[in-house]
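Structure, as structure tokens:
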Ligand code: 13P
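Here's what the structure looks like:
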């Protein structure tokens, strides 16, 4: 059975006090309502990582992710944060390849491959994002696009390291738009991703990789997405900024396992 993951990507939101309060509210709930098959992740902005790590510490199944890392270990890269720095804070996961990083910060497949390796070297778990734009989908290119994004990055990893990663399918047209992929669209693309991993690393390895859905996931649509066999959780933006919404998505996952 694959592990299930509910992850909140806070993006560039919250002040220090707001971030601490949200992490604390989630920590209290998760401590009282643990689930041995559902991991919960929060990805706050860099300045709030340490506070959040303190909130989740000693709560089994609750972890902190960074939203990005630099590919180099250290050096003259003003404004950047290395994987080693994240690991030294007790951060356990890092989001790599989010479409906002690809689009606004010019992150190419080569850079993302280097970031994956940098994260893995520090024993961080990469949450690697892939997804097509609306134009690509309208031109029926979504499978080719995902293939391209994985072929040059995840598919280049060592066998041993593949087992360490999480993949998130985030169609760009669904991110922050209120448009969600239908469960059929999500399931179809998750199967595409799993088959690609299977081609490179074999069926057994592909079967253990959690594949999350991201893009306007909310308390209303979560249950239908989690009912899909290959949807192993969600990477949530807007709805992760509010404890009630985030926790009700987590509850939808727990109910789907009952
Ligand atoms: P929304 O849930 O706000 O659409 O964002 C999804 C996302 O980009 C998570 O990484």
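In the working numbering, the protein residues as written are 36 to 293.
For every residue, glycine included, the Cβ atom is placed at its ideal position computed from N, Cα and C.
Source: prediction; values computed, not measured.
Any non-hydrogen atom of the ligand 13P closer than 7 Å to residue i Cβ
i	result
residue 205	yes
residue 250	yes
residue 274	yes
residue 122	no
residue 277	no
residue 114	no
residue 211	yes
residue 270	yes
residue 286	no
residue 128	no
residue 133	yes
residue 103	no
residue 44	yes
Distance between beta carbons of residue j and residue i, contact taken as under 8 Å
i	j	result
residue 118	residue 149	Actually they do not touch by this definition, with Cβ atoms about 11 Å apart.
residue 269	residue 284	6 Å
residue 74	residue 40	5 Å
residue 160	residue 128	4 Å
residue 228	residue 181	6 Å
residue 70	residue 282	Not confirmed; about 12 Å, so no contact.
residue 42	residue 76	4 Å
residue 201	residue 162	5 Å
residue 90	residue 59	5 Å
residue 130	residue 103	7 Å
residue 197	residue 151	Incorrect: roughly 10 Å between the Cβ atoms, too far for contact.
Bridge partners - residue i, DSSP secondary structure assignment
i	result
residue 44	78
residue 297	In the structure displayed, the chain extends from 36 to 293; residue 297 sits before or after that span and is not available.
residue 39	73
residue 129	101, 161
residue 259	Bridge partners of residue 259: none, in fact.
Bounding residues of the beta strand (DSSP E) (the contiguous stretch that carries residue i)
i	result
residue 192	Note, residue 192: premise wrong, no beta strand (DSSP E); not H, not E.
residue 247	246-249
residue 101	97-101
residue 293	Per DSSP, residue 293 belongs to no beta strand (DSSP E) and is neither H nor E.
residue 238	Careful: residue 238 lies outside any beta strand (DSSP E), inside the alpha helix (DSSP H) at 238-243.
residue 210	Run containing residue 210: none; DSSP gives neither H nor E here.
residue 270	268-271
Opening and closing residue of the alpha helix (DSSP H) in which residue i lies
i	result
residue 56	51-67
residue 146	144-156
residue 178	177-186
> Counting pairs of beta carbons, one from the region 95-109 and one from the region 123-142, are three or more of them closer than 8 Å?
Replying inline: The region 95-109, when compared against the region 123-142, does touch it at the 8 Å Cβ threshold.
> Counting pairs of Cβ atoms below 8 Å between the region 234-246 and the region 273-284, do you hit three or more?
Replying inline: no
> Can at least three beta-carbon pairs, one atom from the region 249-262 and one from the region 204-224, be found at a separation below 8 Å?
Replying inline: yes
> Do the region 130-137 and the region 171-178 touch if we need at least three Cβ pairs shorter than 8 Å?
Replying inline: no
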